[in-house]
Amino acid sequence: MLLQLNGIFKWVQQGGQRVFLLKDINLEVEEGEFISIMGPSGSGKSTLLNVIGMLDDFDEGEYNFLDEPVHQLKEKHRANLYKQYIGFVFQAYHLIDELTVYENLEMPLLYKKLKGSDRKAMVADMLDRFGIVGKKDLFPTQLSGGQQQLVGVARALISKPKLILADEPTGNLNSKQSSEIMALFKELNDDGVTIIQATHSEQNAAYGKRIINLLDGRKV
Amino acid sequence: MLKNYLKIGWRNLMKDKTFTALNVIGLSVASGIAILLSMAAFFDLSFDKFHEKGDRIYQVYWTEQTPRGPEAGTSLPAPFADALKTEVPGVESITRFLEAEALTTYGDTEINLDAVWVDADFFEMFTFPVLKGKKNDVLQNKSSVVITEQTAEKLFGDTEAIGQIVNIRIGSEDLPFTVAAVTADNQAQNSLDFEMAIPFENTLSYTERMKTWGSIYHDVYVQLQPGVDAKQFERNTRSFVSLHYKEDIENLKRDGAMANADGLFRQLGLLLLENVHYTSFKKGYAEISRAIPYLILGVAFLILLIACVNFINMNIAKSSQRLREIGMRKTLGATKKHLFFQFWSESLFIFIASIGFGVLLSALFIDDFKTMFRSAISMDILTSPLVIFGSLVFVCLITLVVGGYPALLLSRLGTIQSLKGKLESSGGNRVRNALMILQFGIAILLMSGTLVLWGQVDFMRNKDLGFDKNQVLSFPLDGKKNNYEAVKLLRDELAGNPDILSVTASDNNLGRGKDGSQSTSVWGVEYKGRGIRTNALTVDYGYLETLGLELVLGRSFDMDYAGDTQSVIINESMARQLGETDPLTAFFPVSDSLHYPVIGVVKDYNFQDISKAIEPLTIFLNNESGLSYAFIKVAPMNMANSFGAVETAWKKIEPNSEFLGSFLDENIDNTFQREKMMATMITSGSIIAIALSCIGLFAMSLLIVSQRTKEIGVRKVLGASVASITVLLTKDFLKLVLVSFFIASPIAYWLLRQWLENYTYRINLGMWFFVAAGLLALIIALLTVGIRTVSAAMQNPVKSLRTE
Numbered sequence: 001m002l003l004q005l006n007g008i009f010k011w012v013q014q015g016g017q018r019v020f021l022l023k024d025i026n027l028e029v030e031e032g033e034f035i036s037i038m039g040p041s042g043s044g045k046s047t048l049l050n051v052i053g054m055l056d057d058f059d060e061g062e063y064n065f066l067d068e069p070v071h072q073l074k075e076k077h078r079a080n081l082y083k084q085y086i087g088f089v090f091q092a093y094h095l096i097d098e099l100t101v102y103e104n105l106e107m108p109l110l111y112k113k114l115k116g117s118d119r120k121a122m123v124a125d126m127l128d129r130f131g132i133v134g135k136k137d138l139f140p141t142q143l144s145g146g147q148q149q150l151v152g153v154a155r156a157l158i159s160k161p162k163l164i165l166a167d168e169p170t171g172n173l174n175s176k177q178s179s180e181i182m183a184l185f186k187e188l189n190d191d192g193v194t195i196i197q198a199t200h201s202e203q204n205a206a207y208g209k210r211i212i213n214l215l216d217g218r219k220v
Numbered sequence: 001m002l003k004n005y006l007k008i009g010w011r012n013l014m015k016d017k018t019f020t021a022l023n024v025i026g027l028s029v030a031s032g033i034a035i036l037l038s039m040a041a042f043f044d045l046s047f048d049k050f051h052e053k054g055d056r057i058y059q060v061y062w063t064e065q066t067p068r069g070p071e072a073g074t075s076l077p078a079p080f081a082d083a084l085k086t087e088v089p090g091v092e093s094i095t096r097f098l099e100a101e102a103l104t105t106y107g108d109t110e111i112n113l114d115a116v117w118v119d120a121d122f123f124e125m126f127t128f129p130v131l132k133g134k135k136n137d138v139l140q141n142k143s144s145v146v147i148t149e150q151t152a153e154k155l156f157g158d159t160e161a162i163g164q165i166v167n168i169r170i171g172s173e174d175l176p177f178t179v180a181a182v183t184a185d186n187q188a189q190n191s192l193d194f195e196m197a198i199p200f201e202n203t204l205s206y207t208e209r210m211k212t213w214g215s216i217y218h219d220v221y222v223q224l225q226p227g228v229d230a231k232q233f234e235r236n237t238r239s240f241v242s243l244h245y246k247e248d249i250e251n252l253k254r255d256g257a258m259a260n261a262d263g264l265f266r267q268l269g270l271l272l273l274e275n276v277h278y279t280s281f282k283k284g285y286a287e288i289s290r291a292i293p294y295l296i297l298g299v300a301f302l303i304l305l306i307a308c309v310n311f312i313n314m315n316i317a318k319s320s321q322r323l324r325e326i327g328m329r330k331t332l333g334a335t336k337k338h339l340f341f342q343f344w345s346e347s348l349f350i351f352i353a354s355i356g357f358g359v360l361l362s363a364l365f366i367d368d369f370k371t372m373f374r375s376a377i378s379m380d381i382l383t384s385p386l387v388i389f390g391s392l393v394f395v396c397l398i399t400l401v402v403g404g405y406p407a408l409l410l411s412r413l414g415t416i417q418s419l420k421g422k423l424e425s426s427g428g429n430r431v432r433n434a435l436m437i438l439q440f441g442i443a444i445l446l447m448s449g450t451l452v453l454w455g456q457v458d459f460m461r462n463k464d465l466g467f468d469k470n471q472v473l474s475f476p477l478d479g480k481k482n483n484y485e486a487v488k489l490l491r492d493e494l495a496g497n498p499d500i501l502s503v504t505a506s507d508n509n510l511g512r513g514k515d516g517s518q519s520t521s522v523w524g525v526e527y528k529g530r531g532i533r534t535n536a537l538t539v540d541y542g543y544l545e546t547l548g549l550e551l552v553l554g555r556s557f558d559m560d561y562a563g564d565t566q567s568v569i570i571n572e573s574m575a576r577q578l579g580e581t582d583p584l585t586a587f588f589p590v591s592d593s594l595h596y597p598v599i600g601v602v603k604d605y606n607f608q609d610i611s612k613a614i615e616p617l618t619i620f621l622n623n624e625s626g627l628s629y630a631f632i633k634v635a636p637m638n639m640a641n642s643f644g645a646v647e648t649a650w651k652k653i654e655p656n657s658e659f660l661g662s663f664l665d666e667n668i669d670n671t672f673q674r675e676k677m678m679a680t681m682i683t684s685g686s687i688i689a690i691a692l693s694c695i696g697l698f699a700m701s702l703l704i705v706s707q708r709t710k711e712i713g714v715r716k717v718l719g720a721s722v723a724s725i726t727v728l729l730t731k732d733f734l735k736l737v738l739v740s741f742f743i744a745s746p747i748a749y750w751l752l753r754q755w756l757e758n759y760t761y762r763i764n765l766g767m768w769f770f771v772a773a774g775l776l777a778l779i780i781a782l783l784t785v786g787i788r789t790v791s792a793a794m795q796n797p798v799k800s801l802r803t804e
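Top line first, the protein sequences correspond to chains A and B.
Quick note on the UniProt record's numbering: the first sequence kicks off at 1 and runs consecutively.
Quick note on the UniProt record's numbering: the second sequence kicks off at 1 and runs consecutively.
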């Protein structure tokens with residue numbers, strides 16, 4: 001088992017009242033799964049992904065990741081955990097505009113303190129695999145949206161994560177670019193990477209092996 | 001990793017070139033100025049530190065409780081030094097010290113040298129390394145002298161100096177002296193500088209002066225034995241003082257002086273050599289003040305502070321544009337430490353570059369700086385390892401605070417929040433506002449300082465001093481001829497020239513002439529059973545007329561009255577001191593048996609520095625000697641020609657002497673050189689401070705306008721006018737300027753009032769100085785912010801909304 005959520009609650013205080021963002025979420029994810037989370041805006045898709053990705057805290061419940069109790073871990077341990085096992089893909093790509101494609105890919109490796117030669121090999125490998133060798137010295141703003149998201153996925157993959165969390169990965173793309181990205185996800189999943197994506201689109205959700213529906217922070 | 005940081009840092013800088021330029025220019029200028037100013041300040045602070053035994057050498061000074069209040073000074077009588085050494089234990093060496101010019105001739109060369117007249121111990125105590133000649137006891141022989149390398153060059157050229165015989169004029173005789181040693185040239189930070197050292201025994205009328213304790217005319221330096229405490233030594237001199245000054249003390253008691261806290265009327269004090277340069281005795285005690293160098297350092301610090309505030313503000317404001325980067329880095333595994341280090345290294349990078357530029361700037365402008373502020377600094381100071389190390393530490397500390405604070409703010413942000421690109425920071429704004437208030441407060445402080453300083457300088461320059469300073473020129477009579485003769489010859493020589501109105505002379509200059517000397521002689525006498533004190537001035541006929549002094553009572557000296565050489569003219573203060581209903585019935589007691597009648601009273605005029613109140617003055621007439629300065633009144637037309645005529649005449653009378661003539665208004669200006677220097681320095685400081693604050697303000701207005709583009713668009717769509725939007729955007733900045741005005745003006749008022757206390761004649765410290773400074777700051781701020789806001793307000797709202 002890759003991860004397990006038991007009775008997760010998350011809320012914010014608003015005018016003396018609790019507004020629940022997540023309500024009693026129970027979820028088990030096995031390695032190699034491809035899960036699509038669906039639901040309307042504000043249903044808690046992104047929040048759930050952030051909680052799984054350990055970017056956000058929750059208020060109640062248990063979360064085990066690879067048998068480590070995340071809810072008991074300190075900030076630093078948690079950071080190490082997600083740094084090692086989780087890759088993120090965002091709707092707005094979140095590439096760093098001031099860095100080239102090559103440097104954007106290299107950045108996660110810098111924070112893992114890898115040697116220069118290793119980094120070079122891994123980045124070259126990734127550029128090759130995604131067919132963007134020719135674009136390695138371009139800046140993100142010089143790329144199309146689809147290409148940017150390609151780099152975004154490549155960056156998420158470079159540290160060889162077990163789990164990829166994708167928050168509306170195709171939200172800013174046209175249909176052609178979006179089916180390319182989804183095909184890529186499918187391919188990755190076939191290679192054994194676990195993927196959880198949040199999406200609006202039925203079509204994209206269909207790529208997943210399992211679909212979870214959220215409404216007002218609750219699984220339906 | 002570092003490479004990656006620097007790369008992204010560099011690209012971020014290049015992305016917004018205006019911003020970077022503003023930042024770097026501000027910091028470079030500020031550090032350049034700060035380097036120059038602190039060099040000048042440290043130069044001023046390190047006087048007399050090179051003497052190896054300096055921690056044991058002291059200048060002796062006295063304090064006295066007089067009926068008019070305490071008085072203090074360093075002048076001592078000739079027998080004092082020997083007596084102190086033999087009678088009070090603890091003295092290792094002692095030397096008398098008198099600075100007086102010595103007219104020196106060697107072959108055809110005739111030069112006035114700055115000589116010090118000292119005892120044999122002088123070269124044992126002070127560290128003036130002997131380069132050539134006798135190494136020890138160089139002044140043991142009464143007829144030997146020590147000169148510096150530069151003097152040797154002046155006198156002998158390439159000829160070997162040791163053993164040469166020079167003639168030095170003492171009184172009216174030329175006496176031969178042998179050059180015993182040559183020392184290295186004077187260091188710049190030396191308050192005992194000399195061109196030639198002559199044994200003290202050779203001073204004029206030495207033998208007579210050795211017999212009396214009443215004639216005080218030279219300083220004394222003493223070197224205590226190791227382990228002797230200066231305070232203890234001062235206490236040990238009490239019986240010495242009561243023995244040798246018995247009569248003075250009794251007179252003081254009789255005249256109603258109050259004893260000091262220790263029950264004493266007269267005391268000796270020791271002043272550590274390092275402090276001598278910074279001590280003044282004006283207020284009746286030894287006041288050691290290093291205020292000016294510290295003030296300069298303060299200005300340097302304030303300028304640097306303003307630049308740093310700019311840097312912090314710009315960095316924080318700018319960082320809101322990098323929130324996504326921060327968030328992304330966090331999701332990719334960056335820790336707080338990583339982020340802090342990244343942003344800090346960026347700041348360090350900018351700082352090092354700016355300081356590099358600053359050093360370059362200061363090297364470029366050092367010569368201008370030196371002439372402007374009459375400082376003898378050199379870039380060499382910057383190469384000493386201590387300074388390099390010190391400034392490195394300083395830079396690291398500054399960047400740690402300045403770069404570290406924004407870095408800390410950024411590294412603490414939550415991941416999700418920063419990814420969304422929103423900064424909830426009312427707290428950040430508060431810090432920013434406080435910093436801007438600080439910045440403008442400093443600017444207003446410096447500006448009001450500038451206004452007041454110039455006001456005071458202007459006031460002193462234009463004050464009616466009671467004599468004619470525009471049409472009168474003066475010069476030292478430093479030739480070989482008897483000075484009375486010289487004046488007579490001068491008078492004859494200039495008699496035919498219609499532009500020369502009158503010629504006279506006195507023993508003292510007014511203001512400070514080109515020879516740079518300024519002195520006053522004070523007499524203490526007994527008048528009808530009480531001690532009085534007066535300044536004494538010896539003049540030639542026509543002095544009052546030449547200077548345009550106004551007679552209140554009686555008459556001026558007149559050649560037709562033979563007895564006038566034995567009469568005096570006094571000023572109003574002196575008349576008040578004498579306390580006679582009719583001052584013309586008073587007399588001046590020259591000695592017990594000899595009384596000079598008062599024949600006239602002149603209106604009080606400023607014969608000393610303008611900063612001083614007018615003291616009692618007695619004017620003597622002497623037709624044989626004692627004249628040192630000639631005064632010549634010229635017609636208001638052709639003043640340059642008249643000046644030339646005087647010079648030619650003087651050259652004819654004394655071909656070997658240099659003509660150091662100057663008009664009295666220049667002389668007066670010279671006496672407030674310090675004030676003028678301070679005013680220039682504060683002015684430049686405040687201009688820089690204002691410019692830097694404006695850079696900061698401008699950058700902030702750029703950012704705030706760009707952050708509020710959407711708001712501006714929405715407001716315009718809803719019908720707001722250009723004017724109302726400009727007001728909206730400008731209002732916040734103006735509020736800050738107002739707040740800083742209310743904080744800074746009281747501080748400025750207090751500081752400036754303290755400073756003006758030093759001047760007897762001073763301007764009124766009116767509100768308008770501060771209002772003017774505040775208004776100026778307000779207008780400048782308005783212009784700076786206005787440019788950007790008006791153009792923002794005029795933009796087409798559709799465009800600004802679309803960019804969102």
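Note that beta-carbon positions come from the ideal geometry of N, C-alpha and C, so glycine has one too.
Contact check for Ile682/B and Gly26/B: beta-carbon distance about 20 Å, past the 8 Å limit, so the pair fails to qualify. Contact annotation: in the region 387-418 of chain B, residues whose CB is within less than 8 Å of a CB in chain A are Thr415, Ile416.
Between Gly152/A and Leu95/A, the CB-CB gap stays under 8 Å. Here Ile747/B is exposed. Its C-beta has fewer than 16 other C-beta atoms within 10 Å. By the C-beta criterion, the region 151-164 of chain B is judged to be in contact with the region 92-111 of chain B, since at least 3 inter-stretch pairs fall below 8 Å. A residue is called buried when at least 16 other Cβ atoms come within 10 angstroms of its Cβ; Lys83/A meets this threshold and is buried. In the three-state reduction of the DSSP assignment, Trp454/B falls in the helix class, which pools H, G and I. The region 524-532 of chain B and the region 491-498 of chain B do not touch, with fewer than 3 CB-CB distances between them shorter than 8 Å. Of the residues assessed, Arg430/B falls on the exposed side of the cut-off, its CB having fewer than 16 other CB atoms within 10 angstroms. One Cα belongs to Gly32/B, the other to Leu408/B, and the distance between them is close to 28 Å. Looking at the backbone, the Cα of His595/B and that of Arg491/B are separated by about 31 Å. The Cβ neighbour count for Glu98/A, taken over all protein chains shown within 10 Å, is at least 16; the residue is labelled buried. Look at the region 178-208 of chain A: it has no residue with a C-beta under 8 Å from a C-beta of chain B. Between the alpha carbons of Gln17/A and Ser319/B lies a gap of roughly 34 Å.
In terms of beta-carbon proximity, Ala79/A lines the interface with chain B, with at least one pair separated by less than 8 Å. Of all alpha-carbon atoms in Val179/B, Gly531/B, Ala83/B, the one lying nearest the alpha-carbon of Thr159/B is that of Val179/B. Those residues of the region 9-28 of chain B placed with their C-beta closer than 8 Å to a C-beta in chain A are Arg11, Asn12, Lys15, ordered along the chain. Near chain B, meaning a CB-to-CB distance below 7 Å, the residues of the region 36-52 of chain A are Asn50.
By the criterion of a C-beta distance shorter than 8 Å, Val118/B is surrounded in its chain by Thr95, Arg96, Phe97, Leu98, Leu139, Ala197, Ile198, Pro199, Phe200, once the five residues flanking it on both sides are discounted. Following the DSSP letters along the chain, one finds Gly333/B in no alpha helix (DSSP H), marked with neither H nor E. Ala72/B sits away from Tyr58/B, with the two beta carbons spaced by 8 Å or more. According to the DSSP secondary-structure assignment, Phe663/B is paired through a beta bridge with Leu473/B.
The beta-carbon distance between Lys480/B and Glu654/B, rounded to whole angstroms, is 7 Å. This is short enough to meet the 8 Å contact definition. For Leu323/B, not one C-beta of chain A is nearer than 8 Å to its own C-beta. Contact between Cys308/B and Val402/B is confirmed by a C-beta separation of about 5 Å, below the 8 Å threshold.
Fully contained in the region 597-643 of chain B are the following beta strand (DSSP E) runs of length 3 or more, in chain order: 617-621, 629-634. Judged by DSSP secondary structure, Trp62/B falls within the beta strand (DSSP E) whose first and last residues are 57-66. DSSP, reduced to helix, strand and coil, places Arg324/B within a helical segment of the structure shown.
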